[in-house]
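Asks: Residue numbers (the working numbering): 1 to 365.
Here a beta-carbon is modelled for each residue, glycine too, at the ideal position from N, C-alpha and C.
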Ligand SMILES: *Cc1c(COP(=O)(O)O)cnc(C)c1O
């Protein structure tokens, strides 16, 4: 049996009627940007996260750089970011003009208060926490630390729609929670999309103005903004996705639990969730000291896997200018060389999970 690394068609066909109906409704409405679907989505998503405000934007990257920009962070400021994040997190910082200071994750792929504190300098203005792979970072000590040092806290929740710590959802702990709705995310659109969530009403208003050319009243512009809007079709599709987000989380947890109880191989380490967290398992990421051989073995057995991510931001050509080298972040680099994402897409069948498990268990190192 062949198992692909992802199957977005499974999700589409499960809710086909709802998506098609929504597309027809929006197309027939004659209103395609900044209309009723966006307004409804923003209300519903804010309520789902448990904060008063949500503003739709065009992508996850936009949500990140706009967050720093509107929090007043830019040139001359430092933002502490974990080294093992997706490169968009680092770009969000550099696009705002600030300097990313890369920190090491722990064995659960997560940033910790202790590691953040080590990297604080007089220039530090903010911390960006990424709930990588949909695994929730414990937030209590990080929130206290940011309060103690007067730092802004931004959460990159692009992989963590609905994840929670002690019942409180990702995105609601800091000043701004940033989301991507890229199609492969746990809550994905059929194109690009993103959103920010927050408690502060004035900040939400600033995002609304900024995403639309700095426009306060039609054709009256108060600041030089940008064009970063979530269109009506995508907002409508996301409202459909939001209706089923709990089911998505349940299935992802079933898959993670199946792998946790059936995979058994001395050369493979399973991911460990932190205590008191609800995780949405955007990716199910195992580690192996013989990762490349494991990936080749799985491929031979018909199982396609992906490495998230093969090059950490500090070693990418794009960020050569930051001045890091191989060896600068040993823990990040160790994880980079060991991680492998097993198929765990929405709609994966029992037979497919079993095929993945059998292939992993027959790896002999
Ligand atoms: C996908 C992703 C982003 C970027 O989102 P886009 O919508 O592709 O711009 C940022 N951070 C993380 C952790 C992501 O997974």
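(1) Heavy atom of ligand 1 less than 6 Å from the Cβ of residue 5, yes or no?
(2) Do residue 79 and residue 100 have their C-beta atoms within less than 7 Å of each other?
(3) Under 7 Å between the Cβ atoms of residue 104 and residue 329?
(4) Residue 16: which of 231, 190 and 295 sits nearest, CA to CA?
(5) Work out the CA separation of residue 357 and residue 262 for me, nearest whole Å.
(6) Starting from residue 298, trace the alpha helix (DSSP H) both ways and give me its first and last residue.
(7) Just the Cα atoms here: how many angstroms apart are residue 163 and residue 132?
(8) Taking the runs of the beta strand (DSSP E) that are 3 residues or longer, which of them lie wholly in the region 96 to 155?
(9) For residue 30, count the other beta carbons within 10 Å of its own beta carbon; 16 or more makes it buried, fewer makes it exposed. Which is it?
(10) Compute the beta-carbon to beta-carbon distance between residue 186 and residue 123, rounded to the nearest angstrom, for a pair I have assumed lies under 8 Å.
(11) Using DSSP with H/G/I as helix, E/B as strand and the rest coil, what is residue 273?
(12) State yes or no: is the C-beta of residue 197 within less than 7 Å of the C-beta of residue 51?
(13) Look up residue 279 in the DSSP assignment and say whether it is helix, strand or coil.
(14) By Cβ distance below 8 Å, which residues in the same chain neighbour residue 276 in space, the five residues on each side in sequence not counted?
(15) Would the region 282 to 289 and the region 324 to 343 be scored as touching if the rule is three or more Cβ pairs under 8 Å?
(16) Answer yes or no: do residue 154 and residue 171 have a C-beta to C-beta separation smaller than 7 Å?
(17) I want to check one thing, is the minimum distance from the CB of residue 335 to the heavy atoms of ligand 1 below 6 Å?
(18) Measuring straight from C-alpha to C-alpha, what distance separates residue 306 and residue 361?
(19) Can you tell me whether DSSP reads residue 252 as helix, strand or coil?
(20) Say yes only if the C-beta of residue 368 is nearer than 6 Å to one or more non-hydrogen atoms of ligand 1, and no if none qualify.
(21) Tell me the rounded alpha-carbon separation between residue 228 and residue 209.
(22) Closest to residue 92 by C-alpha separation, out of 49, 179, 33 and 106, would be which residue?
(23) Decide if residue 319 is buried, meaning its Cβ has at least 16 other Cβ atoms within 10 Å, or exposed.
(24) What are the boundary residues of the beta strand (DSSP E) that includes residue 63?
(25) From residue 300 to residue 293, what distance separates their C-alpha atoms?
(26) Closer than 6 Å to a non-hydrogen atom of ligand 1 - does that hold for the CB of residue 60?
(27) With residue 324 as the anchor, note down where its alpha helix (DSSP H) starts and where it stops.
(28) Can you tell me the Cβ-Cβ gap for residue 33 and residue 231, rounded? I've got them flagged as a contact below 8 Å.
Replies: Straight from the coordinates:
(1) False, no ligand heavy atom lies under 6 Å from that Cβ.
(2) Yes, the pair counts as a contact, with Cβ atoms nearer than the cut-off.
(3) Yes.
(4) The residue with the shortest Cα to Cα distance from residue 16 is 190.
(5) Each residue's CA atom was taken as its position, placing residue 262 and residue 357 some 7 Å apart.
(6) 291 to 300
(7) 11 Å
(8) Every beta strand (DSSP E) of 3 residues or more that sits fully in the region 96 to 155 is shown, in chain order, as 99 to 103 and 124 to 130.
(9) exposed
(10) In this structure residue 186 does not touch residue 123 by the C-beta definition: roughly 35 Å separates them, more than the 8 Å allowed.
(11) coil
(12) Yes. Within cutoff.
(13) coil
(14) 138, 165 and 166
(15) With a cut-off of 8 Å, the region 324 to 343 and the region 282 to 289 count as touching, because enough Cβ pairs lie within range.
(16) no
(17) Because no heavy atom of ligand 1 lies under 6 Å away, the Cβ of residue 335 does not count as near it: no.
(18) 18 Å
(19) helix
(20) Because the chain in this structure spans residues 1 to 365, residue 368 falls outside the shown range and cannot be described.
(21) 10 Å
(22) 179
(23) buried
(24) Careful: residue 63 lies outside any beta strand (DSSP E), inside the alpha helix (DSSP H) at 60 to 70.
(25) 11 Å
(26) yes
(27) DSSP places residue 324 outside any alpha helix (DSSP H), giving it a letter other than H or E.
(28) 5 Å
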